[in-house]
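These notes are about the structure you will find just below.
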Amino acid sequence: MEDLKKTEERPLQSPSDPPKPLHEDDADEEDDNVKQLNECSSLYLSLQDCLINSNRNWKSCQKEVQALKACNDRRNKEKKKSEE
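Heads up, the sequence shown is in my numbering, so the first residue is 28 and it goes up one at a time.
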């Protein structure tokens with residue numbers, strides 16, 4: 028019965044160390060992906076905001092989806108032209 032009452036000891040954080048996000052690496056990776064979008068990054072972030080505000084309702088965010096798609100299509104066309 029004594030063993031059941033034992034708790035795990037956790038290392039203490041100093042008060043000056045802010046707690047790190049659970050998925051810090053994921054957040055960093057997402058930031059890098061957004062940066063790669065260049066001129067489309069603001070449209071991507073607008074879409075993310077819309078999805079958050081609409082409880083992930085894609086139908087209500089079609090304006091943002093179409094704007095991001097158009098921007099991405101433009102980028103791809105420009106990239107193909109520069110490679111030729």
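Note that beta-carbon positions come from the ideal geometry of N, C-alpha and C, so glycine has one too. The structure presented is a predicted model; accordingly, all values stated were derived computationally and were not measured.
Opening and closing residue of the alpha helix (DSSP H) in which residue i lies
i, result
"Lys86", "It is not in any alpha helix (DSSP H) - Lys86 carries neither H nor E in the DSSP assignment."
"Asn80", "Ser68 to Asn80"
Classification of residue i by the beta-carbon crowding that lies within 10 angstroms, buried from 16 upward
i, result
"Glu91", "buried"
Same chain, Cβ closer than 6 angstroms to residue i, five either side skipped, listed in chain order
i, result
"Glu51", "Because the pLDDT of Glu51 is 44, which lies under 50, any placement of that residue in the model is unreliable, and the number read from its coordinates should be weighed accordingly. Nothing listed; no residue qualifies."
Residue j beta carbon less than 8 angstroms from that of residue i
i, j, result
"Cys88", "Cys67", "no"
"Ala94", "Leu72", "no"
7 angstroms CB neighbourhood of residue i in its chain, flanking five on each side removed
i, result
"Ser81", "Ser87 and Cys88"
"Asp112", "Any property of residue 112 remains undetermined from this structure, which presents the chain solely from 28 to 111."
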